[in-house]
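Residue numbers (this note's numbering), protein chains in the order written: chain A, 40 to 260; chain B, 40 to 260; chain C, 40 to 260; chain D, 40 to 260.
Built from N, CA and C at the ideal position, the CB exists for glycine as well.
To keep things clear, I will list the structure first and then write my remarks on it.
Number of protein chains: 4
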Amino acid sequence: MPAWDAYVTPAEQALARREWGRPQGTGTRPALLVVDVTRAFADDRYPLGCPHPRPCIDAIRRLLETVRRLGLPVVYTSGLPARNPAERGLWKSSGRPPAPSLPDPNQIVPELEPLPTESVVRKRRPSAFFGTELASLLTYHGVDTVIVTGMVTSGCVRATVVDAFSHNLRVVVPEEAVADRIAASHAIALFDIHLKYGDVHPLSEVLTWLETLGGDAGAGR
Amino acid sequence: MPAWDAYVTPAEQALARREWGRPQGTGTRPALLVVDVTRAFADDRYPLGCPHPRPCIDAIRRLLETVRRLGLPVVYTSGLPARNPAERGLWKSSGRPPAPSLPDPNQIVPELEPLPTESVVRKRRPSAFFGTELASLLTYHGVDTVIVTGMVTSGCVRATVVDAFSHNLRVVVPEEAVADRIAASHAIALFDIHLKYGDVHPLSEVLTWLETLGGDAGAGR
Amino acid sequence: MPAWDAYVTPAEQALARREWGRPQGTGTRPALLVVDVTRAFADDRYPLGCPHPRPCIDAIRRLLETVRRLGLPVVYTSGLPARNPAERGLWKSSGRPPAPSLPDPNQIVPELEPLPTESVVRKRRPSAFFGTELASLLTYHGVDTVIVTGMVTSGCVRATVVDAFSHNLRVVVPEEAVADRIAASHAIALFDIHLKYGDVHPLSEVLTWLETLGGDAGAGR
Amino acid sequence: MPAWDAYVTPAEQALARREWGRPQGTGTRPALLVVDVTRAFADDRYPLGCPHPRPCIDAIRRLLETVRRLGLPVVYTSGLPARNPAERGLWKSSGRPPAPSLPDPNQIVPELEPLPTESVVRKRRPSAFFGTELASLLTYHGVDTVIVTGMVTSGCVRATVVDAFSHNLRVVVPEEAVADRIAASHAIALFDIHLKYGDVHPLSEVLTWLETLGGDAGAGR
Chain A
40 MPAWDAYVTP AEQALARREW GRPQGTGTRP ALLVVDVTRA FADDRYPLGC PHPRPCIDAI
100 RRLLETVRRL GLPVVYTSGL PARNPAERGL WKSSGRPPAP SLPDPNQIVP ELEPLPTESV
160 VRKRRPSAFF GTELASLLTY HGVDTVIVTG MVTSGCVRAT VVDAFSHNLR VVVPEEAVAD
220 RIAASHAIAL FDIHLKYGDV HPLSEVLTWL ETLGGDAGAG R
Chain B
40 MPAWDAYVTP AEQALARREW GRPQGTGTRP ALLVVDVTRA FADDRYPLGC PHPRPCIDAI
100 RRLLETVRRL GLPVVYTSGL PARNPAERGL WKSSGRPPAP SLPDPNQIVP ELEPLPTESV
160 VRKRRPSAFF GTELASLLTY HGVDTVIVTG MVTSGCVRAT VVDAFSHNLR VVVPEEAVAD
220 RIAASHAIAL FDIHLKYGDV HPLSEVLTWL ETLGGDAGAG R
Chain C
40 MPAWDAYVTP AEQALARREW GRPQGTGTRP ALLVVDVTRA FADDRYPLGC PHPRPCIDAI
100 RRLLETVRRL GLPVVYTSGL PARNPAERGL WKSSGRPPAP SLPDPNQIVP ELEPLPTESV
160 VRKRRPSAFF GTELASLLTY HGVDTVIVTG MVTSGCVRAT VVDAFSHNLR VVVPEEAVAD
220 RIAASHAIAL FDIHLKYGDV HPLSEVLTWL ETLGGDAGAG R
Chain D
40 MPAWDAYVTP AEQALARREW GRPQGTGTRP ALLVVDVTRA FADDRYPLGC PHPRPCIDAI
100 RRLLETVRRL GLPVVYTSGL PARNPAERGL WKSSGRPPAP SLPDPNQIVP ELEPLPTESV
160 VRKRRPSAFF GTELASLLTY HGVDTVIVTG MVTSGCVRAT VVDAFSHNLR VVVPEEAVAD
220 RIAASHAIAL FDIHLKYGDV HPLSEVLTWL ETLGGDAGAG R
């Protein structure tokens, strides 16, 4: 995973790896989290859209095919519009609305359309866990591992990873299934996560691992 | 604040700043948070110690003098030893204990010794808010702004900043009062925070702002 | 407040009051919480409707007039329909839908229609704080006290009171502004709250107290 | 379970049971929670001690023998002394200290001494989940059901039950394993819980159910 090699010196990596970076390992009952792959972030006609969202969406679509086939739980997040300043909170963004001709920015992209059995957690803060029922949904499904995907790597994805780790859920981040607008923020988020909070792997390895789980993994409630 | 200029290209900064980076501004009732400035992180004889902790400790000491004089609340965090694997959780660190001759790794460094009126929140996860009563303590004190300091910038400091922002507390990070072992992780944490979640300022500006609050700011409960 | 005298013996009250029941007192910046005064609970044509909701709705309407005039924050809660079993969770209720001819059960009753500046927190669990952004909204508004009203006293009202208390918010319950279907559950909820977690007062006293706050109380953000 | 028959009329019970009181049922991976069975609550020489704690302690001891033999997780709670008013919070109790000759009020009673593998969560608020890492510990252990025991039924036990339910954990309350100082508060807490949030059963039935789980239930991480 060389993305972060451009930013972290070999000496720093050696120092860090002396105590950190042990493999966390995966459990047997994963859920797929799809964080904010809505028009607002996945379409660059919107103010906060990522310029090249396609590879990330494709990677998530492949994960979705596998986890649905295995009967594993999937939870999406989407933004919730603010009706007043308290609901908007303290974001340092312009809050500029998209062009009026564009459809709802909080709509999940059509390629990843949720099924009725899959929950969409509406949120106004970075972490998918903050002020939402995500932790309760994962407990309901008996989940021990989360595969965290979506946008943007250094923002809502990273905040969700830190909270999942804090909840004692194992964390897997398929490298191709997350995206950001800032190259260094993306690379360092993956570096920090892989050092301390979860395992960053190529998509192909995550798909291979999922296949080993067989049909039993889906036998939750 | 040029720390992140080495990592983020001018074009990316321009893209980011088109929608992000508005000043958040400060409230009138701040608290000082001192995150994990314990021997474990502030003394490099310990496995996870930062190599050059002195400037950060000095900066926090100066902040502490000011906020104590103004009667503002201070909350520290410190680690809580794990008695069993569930309490240790899923950290990807070696968990190697310090040399037996060294004193308690979770002791706050003597220069920053807490007063009895100041709370020390014990924690086992990155954010000072996660699984602790920090939010309740800040509500008790009527706080609207947190000055986040300590170690390490990309770890517990950043996670605490994201949660403080999510709780609708304004966030101020005095640049000299946070430290990390990895230069890029430190710089990018400050970049991401300053773009979205809070205001990163030089220590001198934070001290100047605090003096403008006068004695009234401390008139909480 | 004799509602609980029918249930708790004088000897028990004496024992309890030796250590408990000190006045908690009020702060200077209250918010009004209106819990679940939706058709589902306030109209007995719905499966879980309270049989005599009118006095409770009238009491809340009077509180609403006063707090709106004073510019104080108001937050409502309303149920959120479950799309799948995980969202429904483990409620021991039948989950029987209302008659198809009836309007949306999660609509707040028309007499208490929220203004656009007032937030409606959607929830699926008893406490208005659980899995919601209520705590963040109250922090935004700089609130130190919550006036908890709505339905039902022993369920969502009580759970909200316990969480508000735990967040270090002072709790005021105007006795006429809460309702339940079970007389003993209602009376004991008020007894337990008044003993430990907050102050139960007649509506008239709460209205009198609010008037003492003057216009300044509303001068939040 | 006739404890609540003295308080709730047959007509009210019939009304309530039309929509509520469906069996919740148990999962396959329970944990035992022992809430606040410390000297402070289990010894009436302390200000808040229950007058007749013995049957409750004996019932928990029997549960403990069984769950330990089966290798199931156990988590205790204990109070955490307050060093300042913010830590004490807004409790309406006198806060009167016990006689100086008495041992630490927050010590768990000797009959229920925790093993090193069993966690003790220190708390200052009613619910064992509030401001603690309890939810994370239960996730680590892969728990789907909690057996909630301890003191007092209408206070910390009830608050813990409501939060466990909200986290989507199934709740079992063995009737003999909870205690309170107020008969009506005890009975109504059990009534409200059994109606909505969990299943109240005689201890004998809980022990019989546990034996059916066999050794596999303990095969968590």
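| Check | Outcome |
| --- | --- |
| Using 8 Å as the Cβ pair cut-off and three pairs as the minimum, do the segment 158–167 of chain D and the segment 101–119 of chain D touch? | yes |
| State yes or no: is the beta carbon of D231/A nearer than 9 Å to at least one beta carbon in chain B? | yes |
| Would you tell me roughly how many angstroms separate the C-alpha atoms of E157/A and R127/C, rounded to the nearest one? | 13 Å |
| Using the C-alpha atoms, what's the distance from A226/B back to V187/B? | 16 Å |
| Looking at chain A, is there any beta carbon in it that lies within less than 9 Å of the beta carbon of W248/B? | no |
| With a threshold of 9 Å between beta carbons, is Y179/C in contact with chain A? | yes |
| Could you check what DSSP says for Y179/D in three-state terms: helix, strand or coil? | helix |
| Residue range of the beta strand (DSSP E) that A70/D falls in? | 69–74 |
| Contact check, A216/C vs L242/C under 8 Å by CB: the rounded distance? | 6 Å |
| Can you check whether the C-beta of F80/A is within less than 9 Å of a C-beta belonging to chain B? | no |
| Here's the rule: buried if 16 or more other CB atoms are within 10 angstroms of the residue's CB, otherwise exposed. What is R260/D? | Note on R260/D: pLDDT 47, under 50, position unreliable in the model; the coordinate value appears next. R260/D comes out exposed. |
| Do V74/B and L103/B count as a contact pair if the criterion is CB distance below 9 Å? | no |
| Going straight from the alpha carbon of I99/C to that of G189/C, what length do you get? | 8 Å |
| Is it true that the CB of F80/D sits closer than 9 Å to the CB of A223/C? | no |
| For V211/B and Y46/A, what's the separation of their Cα atoms in angstroms? | 26 Å |
| Answer yes or no: does any C-beta atom of chain D fall closer than 9 Å to that of D183/A? | yes |
| Would you call the segment 52–62 of chain B in contact with the segment 128–140 of chain A, where contact means no fewer than 3 C-beta pairs closer than 8 Å? | yes |
| Measuring only between beta-carbons, confirm whether A167/B sits less than 9 Å from chain D. | no |
| To be precise: take each residue of the segment 136–152 of chain D, compare its Cβ to all Cβ atoms of chain B, and keep it if any distance is under 7 Å. Which residues remain? | none |
| What is the residue span of the alpha helix (DSSP H) that S224/C lies within? | 222–231 |
| Taking only beta-carbon positions, decide if R260/A is within less than 9 Å of chain B. | No answer about R260/A holds up, because its pLDDT of 47 lies below 50 and its placement is not dependable. |
| So for G189/B, helix, strand or coil by DSSP? | strand |
| Can you tell me whether M40/A is helix, strand or coil according to DSSP? | Legend: pLDDT at M40/A = 48, less than 50; position of this residue unreliable, no value from coordinates given. |
| Whole alpha helix (DSSP H) runs in the segment 106–140 of chain B with 4 or more residues, listed along the chain? | 124–127 |
| Can you give the Cα-Cα distance for R68/B and Y179/C, rounded to whole angstroms? | 13 Å |
| For L173/D and chain A, any beta-carbon pair shorter than 9 Å? | no |
| Run through DSSP, which three-state label would V148/D get? | coil |
| Would you kindly work out how many angstroms separate the C-alpha atoms of Y236/D and V201/D, rounded to a whole number? | 7 Å |
| Beta-carbon within less than 8 Å of P90/B's beta-carbon, same chain only, minus the 5 sequence neighbours each way: which residues are those? | D83, R220 |
| Can you confirm whether T67/B, when its beta carbon is compared against all beta carbons of chain F, has any partner nearer than 9 Å? | Note that chain F does not occur in the displayed structure, where the protein chains are A, B, C and D. |
| Can you find a CB in chain C that lies within less than 9 Å of the CB of T48/D? | yes |
| For T16/A, does the count of other Cβ atoms within 10 angstroms reach 16, so buried, or fall short, so exposed? | The requested residue 16/A is not part of the displayed model; chain A covers only 40 to 260. |
| With 16 as the cutoff for other CB atoms within 10 Å, does R38/A come out buried or exposed? | As shown, chain A starts at 40 and ends at 260. That puts residue 38/A outside it, with no answer to give. |
| Using the Cβ count rule (16 or more neighbours within 10 Å means buried), how would you classify R193/A? | What sits at residue 193/A in the sequence shown is Ser, not Arg. Burial call: buried. |
| According to the neighbour-count rule (16 or more other Cβ atoms, all chains shown, within 10 Å of its Cβ), is T48/B buried or exposed? | exposed |
| Here's a check: name, in chain order, each residue in its chain whose Cβ is nearer than 8 Å to the Cβ of A264/C, leaving out the five neighbours to either side. | As displayed, chain C neither begins before 40 nor continues past 260, which places residue 264/C out of reach and without an answer. |
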